[in-house]
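If you're matching positions, the sequence shown starts at 567 in our numbering and goes up one per residue. We put the beta carbon where it would ideally sit given N, CA and C, even for glycine. Let me begin by presenting the structure, written as structure tokens, before commenting on it.
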Amino acid sequence: MRRAALGLGLAGLAYALTSALLALAGAVPVAPVIAGLDVDNYYAWQIVFILPLIFAVWVLSAGVLLALGTKGIHRSDVLAKASRALGGPLLLAWVPSAVEALFAALGMGQTEWVGILSEPGVWQTLYIAFYAAAAAWAVSRFVRTARSIHKRSWPAAIMTGLAAAAVAIAVYALFVR
């Protein structure tokens, strides 16, 4: 459990560091935010809330695995497996933000960054591909995790894994920029 929490904590710290660089650069999210949230301070708030959000997603997705899984499974085992299912995709989805933060730290303006990503082409495709690959990887890992819980039924494992991945991906898509 400690290693599981540490791995997700390190991913959260990577997001917090990236958010700090973007906040210092005065960046605003390139994707729309939930109505009512201030885009000017979005990254400053993300610094504070990203780690609790990641841990909440971890517990929620593990809860889905537990609720839909076979009875008699230890919660700590499911939490550890859910952490492994979530950690890698989180880091893959972090890469575009890290690149943006690096360029912002080197002096690239937000307008130039948006201009590069707004044009259909290689850079926009690569940017979107990172998020799509992270989502697909999360689904794959959650399904394999669910399979270790549902040893007798592949359909049940697929449905449980999809449900757990949907929770993680939806929360990420709603709040992380």
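From the options, residue whose alpha carbon lies closest to that of residue i
{"i": "L654", "options": "G573, V737, V742", "result": "The sequence as given places Gly at residue 654; Leu does not occur at that position. When only C-alpha atoms are compared, the closest one is G573."}
{"i": "K717", "options": "V614, L626, T636", "result": "T636"}
{"i": "A577", "options": "A670, P618, G681", "result": "P618"}
{"i": "I724", "options": "A699, A704, I694", "result": "A704"}
{"i": "P662", "options": "A633, L634, G687, A695", "result": "A695"}
{"i": "A580", "options": "A622, V599, T691, V665", "result": "V665"}
{"i": "A701", "options": "L692, L658, L590, F669", "result": "L658"}
Exposed unless 16 or more other CB atoms sit within 10 angstroms - verdict on residue i
{"i": "V614", "result": "exposed"}
{"i": "G727", "result": "buried"}
{"i": "E685", "result": "exposed"}
{"i": "G592", "result": "exposed"}
{"i": "R641", "result": "exposed"}
{"i": "L656", "result": "buried"}
{"i": "L603", "result": "exposed"}
{"i": "A671", "result": "exposed"}
{"i": "W689", "result": "exposed"}
Sequence-distant residues of its chain with Cβ nearer than 7 angstroms to residue i (five each side left out)
{"i": "V594", "result": "V605, D606, Y608, Q676"}
{"i": "W631", "result": "The identity of residue 631 in the sequence shown is Leu, whereas the question assumes Trp. If we look at L631 and ignore the five residues flanking it on each side, its Cβ neighbours are V644, A648, T711, A712, I715, T726, A730."}
{"i": "S585", "result": "Y609, Q612, I613, I616"}
{"i": "A597", "result": "R743"}
{"i": "A667", "result": "T584, L587, L588"}
C-beta neighbour in chain D for residue i, strict 7 angstroms
{"i": "W703", "result": "Although the question refers to chain D, the structure presented lacks it and comprises just one protein chain."}
Cβ shell of residue i (< 8 angstroms), same chain only, five flanking positions each side left out
{"i": "L645", "result": "M567, A570, W624, V625, A628"}
Sequence-distant residues of the same chain with beta carbon closer than 6 angstroms to residue i, five excluded per side
{"i": "V651", "result": "Note that residue 651 is Ala in the sequence shown here, rather than Val. Excluding sequence neighbours, A651 sits near R707, F708, T711."}
Residue span of the alpha helix (DSSP H) that contains residue i, given as start and end
{"i": "R713", "result": "688-715"}
{"i": "T636", "result": "Per DSSP, T636 belongs to no alpha helix (DSSP H) and is neither H nor E."}
{"i": "E666", "result": "641-671"}
{"i": "G802", "result": "Nothing about residue 802 can be read from this structure; the chain reaches only from 567 to 743."}
{"i": "A593", "result": "Counting along the chain, A593 falls outside any alpha helix (DSSP H), and DSSP gives it neither H nor E."}
{"i": "V680", "result": "676-684"}
request  = Specify whether the region 621-634 and the region 733-740 touch according to this definition: at least 3 beta carbon pairs, one from each stretch, less than 8 angstroms apart.
outcome  = As far as the Cβ criterion goes, the region 621-634 touches the region 733-740, which means the pair count is three or higher.
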